[in-house]
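Residue numbering for the sequence shown follows this note's numbering, starting at 192 and increasing by one per position. All C-beta atoms, glycine included, are put in the ideal place defined by N, C-alpha and C.
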Amino acid sequence: MEDRDYLLGQFLKFADLLHKLYCQHERRGSTPPQLIGNAAIPMAMQSPHRALAVLSTRMTVYLAWAERFSGADAGLAKWTRKELGRIAALLKDKNLDTRVSANGKAEILLGYLPNAK
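See the structure below:
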């Protein structure tokens, strides 16, 4: 899917993965009760552009870490960063100012959920 709301859910899912990897390696496994993507879901369901604006200020440390990290899980960190970039490129042409419909809220959730294996 390439609908805005589904992509937004995907972005939030990968933001959480990057945050979790950072915590595992830089905070000795001390992960907060709520990761940044999960915390942004309610805001994203109201205002996608506002949620991404808030994330832009919080994610810079995790993105920079993933770029320079060379320990265990370095490949996963770099892949996650790349996925965030791929999704961001798809989102850049979407209208982030329009309200999220009830269907869109469901798409955010579907995009956020892990893929079945």
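- The DSSP-derived three-state label of residue 280 is helix.
- In the three-state reduction of the DSSP assignment, residue 238 falls in the coil class.
- In this chain, residue 306 is not harboured by any alpha helix (DSSP H), its DSSP state being neither H nor E.
- For residue 254, the enclosing alpha helix (DSSP H) starts and ends at 251-259.
- The C-alpha of residue 228 lies about 6 Å from the C-alpha of residue 204.
- Apart from the 5 residues on each side of it in sequence, residue 302 sits with its Cβ closer than 6 Å to the Cβ of 197, 200, 201 in its chain, given in chain order.
- Using a Cβ distance threshold of 8 Å, residue 258 and residue 194 do not count as a contacting pair.
- In this chain, the alpha helix (DSSP H) harbouring residue 206 covers 195-217.
- Pairing residue 287 with residue 279, the inter-Cα distance amounts to about 12 Å.
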